[in-house]
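Its first residue numbered 1, the sequence shown is counted upward by one per residue in UniProt numbering. All C-beta atoms in this analysis are idealised placements derived from N, C-alpha and C, irrespective of residue type, glycine included. This structure is a prediction, so every number in the text was calculated from the model and none was measured.
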Amino acid sequence: EPSGMAKHTVSSARFRRVDVDEYDENKFVDEEEGGDGQAGPDEGEDRAESIVLKVLISFKANDIEKAVQSLDKNGVDLLMKYIYKGFESPSDNSSAVLLQWHEKALAAGGVGSIVRVLTARKTV
């Protein structure tokens with residue numbers, strides 16, 4: 001039936017009203033580069049530090065040594081970096097817990113771990 005066909009065509013024409021430019025890759029990248037409301041790299045880094053510190057503080061004291069021993073040298077250095085970041089802005093009970101992490105990280109990574117973290121911070 002021709003009248004049925006016409007209705008079908010009209011509804012499919014409505015269905016296809018999509019702004020393809022809205023999904024243009026280049027347009028999206030431009031907006032991303034110039035977006036004022038977007039989180040900058042520092043904000044993302046701060047959020048990551050905050051999350052890592054919450055995780056470290058949530059550990060039970062008797063689990064800390066086991067966790068540190070599971071890390072390789074780079075992991076211990078990274079842990080040490082977050083420990084020192086945590087010392088910069090202490091909260092509630094964080095310093096006491098971070099000192100326990102520091103003791104275990106120092107035992108695993110040696111003084112070299114501290115030197116590498118502090119040296120890396122001076123170059124930034």
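Simplified DSSP state of residue i, which is helix, strand or coil
i: Asp42; result: helix
i: Lys60; result: coil
i: Gly35; result: For Gly35, the pLDDT reaches just 47, beneath the cut-off of 50, and the residue's location in the model is therefore unreliable, although a value from the coordinates is still provided. If DSSP states are grouped into helix, strand and coil, Gly35 belongs with coil.
Member of the options whose CA lies at the smallest distance from the CA of residue i
i: Ile57; options: Gly112, Phe87 and Ile114; result: Phe87
i: Lys81; options: Glu43, Leu118 and Asp42; result: Leu118
i: Ser70; options: Lys122, Val115, Lys104 and Lys60; result: Lys104
i: Ala120; options: Lys85, Asp72, Phe59 and Glu65; result: Lys85
i: Asp46; options: Ile114, Ala107, Ser89 and Trp101; result: Ser89
i: Trp101; options: Asp92, Arg116 and Asn62; result: Asn62
i: Ile114; options: Asp92, Leu78, Lys66 and Ser94; result: Leu78
i: Val52; options: Lys73, Ile83 and Lys66; result: Ile83
Neighbourhood of residue i by C-beta, 7 Å cutoff - its chain only, sequence neighbours within 5 removed
i: Val111; result: none
i: Arg116; result: Asp77
Spatial neighbours of residue i in its chain, beta-carbon cut-off 6 Å, leaving aside the 5 residues before and after
i: Val97; result: Ile57
i: Lys54; result: none
i: Ser94; result: Ile57 and Gly86
i: Glu49; result: Lys85
i: Glu65; result: Lys104
Nonlocal neighbours in the same chain, by C-beta distance under 8 Å from residue i, ignoring five residues either side
i: Gly44; result: none
i: Val76; result: Val68, Ala105, Ala108, Gly109 and Ser113
i: Asp30; result: Because Asp30 sits at a pLDDT of 46, beneath the cut-off of 50, its placement in the model cannot be relied upon, and the following sentence gives the value as read from the coordinates. There are no such residues.
- [ ] With a floor of 4 residues, list each alpha helix (DSSP H) that falls wholly inside the region 66 to 108, ordered by position along the chain.
- [x] 73 to 88
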